[in-house]
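S.K.: Residue numbers (the working numbering): 12 to 298.
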C-alpha cells in the first residue's frame, strides 16, 4: 500500500512538472514567433511601444516580488491540513486586500505619468504624442489587471490544479498573441486598437482566474478583512524572496530602461525584438 502511494505521488509530480514546462514553453514560443509579425504589421515605432510595455511589466514585478510564490506555498501548506482546520478562503481574501492597492496604485501612476513619458522620455518621430499617451495609459490598465490575475494564478497553482491552470494559460496566450495578430493584420494597424484589445484580454484573464480561485477557495463572508495571524508567518518567506527578485530585475532590466530613453523609438523596437528572442532562447534551454 505504501509503495503504491509513493508511485502515485511520483507519477503526480512528473505529470505536474511536464504540464508546467509544456505550458511555459508554449507561452514563450508563441511570444517569440508572433512578435516579428507584430513588427511587420505595426511598424518599428509601434513595436517599440510593445517593447516599452514589456519593460514596464518587468519593473512592476517588484510590487509582486515574493508575494505570489508565498501564496503558492501557503495554499499548499493549508491543503495539507485537515479540512476543518483549513483557512483557504481567508488566506485568499487577505492576499486580495494586499494585491488590490498595489494593482490600483501601479495602474494609476502609469496613467498619470503617460503624458510625461510620451513627451519627455520616449523618442518617437512618426507617432503623435496623443497616440503615445493613450497607449501608455492603456499599458497601466493592462499591468494592473495582470498583476491582480497573478494572485489568482498563484492560488490555483498552490491547489495543484496544474492541468486546468496550464490549459487556461495556453488559451489566454493564444487569444492574446494570435488575436492581436489577426487584429493588426486584418483590421487595424493603429497601436491604440492593439492595446485596447490587450486590455480586453487582460480583463478576461483576470475574471477567468478570479472565478476559478473563488470557487475553490470561497471566503467565509464577503466583507472579511486581512487575517494577520494567518499572514504573519508568511511574511518572512516573502521578504527573503523579494530581495533576490529585486536584484534580478535591476540587473537584467536597467540597460533596457536607459536605452528606452536614449534610442529613437523605432530602434528601441528592433532592440526589444532581439532581446526578447535572446531571453526566450535562454529560458527554453534552461527549462
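Heads up, the beta-carbon is just placed ideally off N, CA and C, and yes, glycines get one too.
1. What do you reckon, are the CB atoms on residue 241 and residue 81 nearer than 8 angstroms?
2. Could you name each continuous alpha helix (DSSP H) segment of 4 residues or more that falls completely within the region 165-241, going from the start of the chain to the end?
3. Enumerated in chain order, which unbroken segments of the alpha helix (DSSP H) with a length of 4 residues or greater are wholly contained in the region 17-77?
4. To the nearest angstrom, how far is it from the Cα of residue 103 to the Cα of residue 224?
5. Given a cut-off of 8 angstroms on the beta-carbon distance, is the pair residue 158 and residue 71 in contact?
6. Does residue 264 come out as helix, strand or coil in the three-state DSSP assignment?
7. When you compare the CB positions of residue 155 and residue 115, do they come within less than 8 angstroms of one another, or not?
8. Give the single residue among 284, 45, 183, 83 whose Cα lies nearest to the Cα of residue 267.
9. Within a Cβ cutoff of 7 angstroms, which residues of the same chain sit near residue 59, ignoring the five residues on either side of it in sequence?
10. Between the Cα of residue 197 and those of 88, 44, 33, 51, spot the shortest distance and give me the residue it belongs to.
11. Among 90, 139, 76, which residue has its Cα nearest to the Cα of residue 169?
12. Give the range of the alpha helix (DSSP H) segment to which residue 127 is assigned.
13. Among the candidates 55, 273, 160, whose CA atom is the shortest distance from the CA of residue 214?
14. Distance check for residue 147 and residue 121, CA to CA, integer angstroms please.
15. Please name the residue, chosen from 108, 84, 254, 132, that lies closest to residue 269 on a Cα-to-Cα basis.
16. Whose C-alpha, out of 28, 219, 54, 92, is nearest the C-alpha of residue 162?
17. Helix, strand or coil for residue 142 per DSSP?
18. Can you find at least 3 beta carbon pairs, one from the region 246-263 and one from the region 24-38, that sit closer than 8 angstroms?
19. Measuring straight from C-alpha to C-alpha, what distance separates residue 171 and residue 74?
20. Measure the CB-CB distance between residue 202 and residue 57 and report whether it falls below 8 angstroms.
21. Should residue 187 be labelled buried (16 or more other beta-carbon atoms within 10 Å of its own) or exposed?
22. Taking all protein chains shown into account, decide if residue 193 is buried (16 or more other Cβ within 10 angstroms of its Cβ) or exposed.
23. Taking its Cβ as the centre, do 16 or more other Cβ atoms sit within 10 Å of residue 25, making it buried, or is it exposed?
M.R.: Reading it off the structure:
1. One-based indexing of the chain shown puts residue 241 at position 230. One-based indexing of the chain shown puts residue 81 at position 70. The answer is no: Cβ separation not under 8 angstroms.
2. 173-193, 202-227
3. 55-71
4. Locating residue 103 in the chain shown gives position 92, counting from the first residue. Locating residue 224 in the chain shown gives position 213, counting from the first residue. About 8 angstroms.
5. As a working mapping, residue 158 is identified with position 147 in the chain shown. As a working mapping, residue 71 is identified with position 60 in the chain shown. Contact: yes.
6. Locating residue 264 in the chain shown gives position 253, where the first residue counts as 1. Of the three classes helix, strand and coil, the one that applies to residue 264 here is helix, per DSSP.
7. Translated into positions along the chain shown, residue 155 becomes position 144. Translated into positions along the chain shown, residue 115 becomes position 104. Against a cut-off of 8 angstroms, the Cβ pair of residue 115 and residue 155 comes out as a contact.
8. What you label residue 267 is simply residue 256 of the chain shown in a count that begins at 1. The option with the nearest alpha carbon to residue 267 is 284.
9. Your numbering for residue 59 matches position 48 in the chain shown. 276, 277, 279, 280, 283.
10. Taking the first residue of the chain shown as 1, we reach residue 197 at position 186. Comparing Cα-Cα distances from residue 197 to each of 88, 44, 33, 51, the minimum goes to 51.
11. Here residue 169 corresponds to residue number 158 of the chain shown, with the count starting at 1. The shortest Cα separation from residue 169 among 90, 139, 76 belongs to 90.
12. Translated into positions along the chain shown, residue 127 becomes position 116. Start and end: 99-127.
13. Walking along the chain shown from the start, residue 214 turns up at place 203. Here the closest residue by C-alpha is 160.
14. Position 110 of the chain shown, counting from 1, holds the residue named residue 121. Position 136 of the chain shown, counting from 1, holds the residue named residue 147. Answer to the nearest angstrom: the Cα atoms are 7 angstroms apart.
15. As a working note, residue 269 is residue 258 in the chain shown. When only C-alpha atoms are compared, the closest one is 132.
16. Here residue 162 refers to the residue found at position 151 when the chain shown is read from its first residue. Comparing Cα-Cα distances from residue 162 to each of 28, 219, 54, 92, the minimum goes to 219.
17. To locate residue 142, count along the chain shown from 1; it is residue 131. Helix at residue 142.
18. no
19. Locating residue 171 in the chain shown gives position 160, where the first residue counts as 1. Locating residue 74 in the chain shown gives position 63, where the first residue counts as 1. Between residue 171 and residue 74, the C-alpha separation is close to 24 angstroms.
20. For the purposes of this step, residue 202 is taken as residue 191 along the chain shown, with counting starting at 1. For the purposes of this step, residue 57 is taken as residue 46 along the chain shown, with counting starting at 1. For residue 202 and residue 57, yes; Cβs fall inside 8 angstroms.
21. Position 176 of the chain shown, counted from the start, is the residue given in the question as residue 187. Buried: at least 16 other Cβ atoms inside 10 Å.
22. To locate residue 193, count along the chain shown from 1; it is residue 182. Label assigned to residue 193: exposed.
23. As a first step, residue 25 is located in the chain shown; it is residue number 14 there, counting from the start. Classification of residue 25: exposed, given that the 10 Å Cβ count is below 16.
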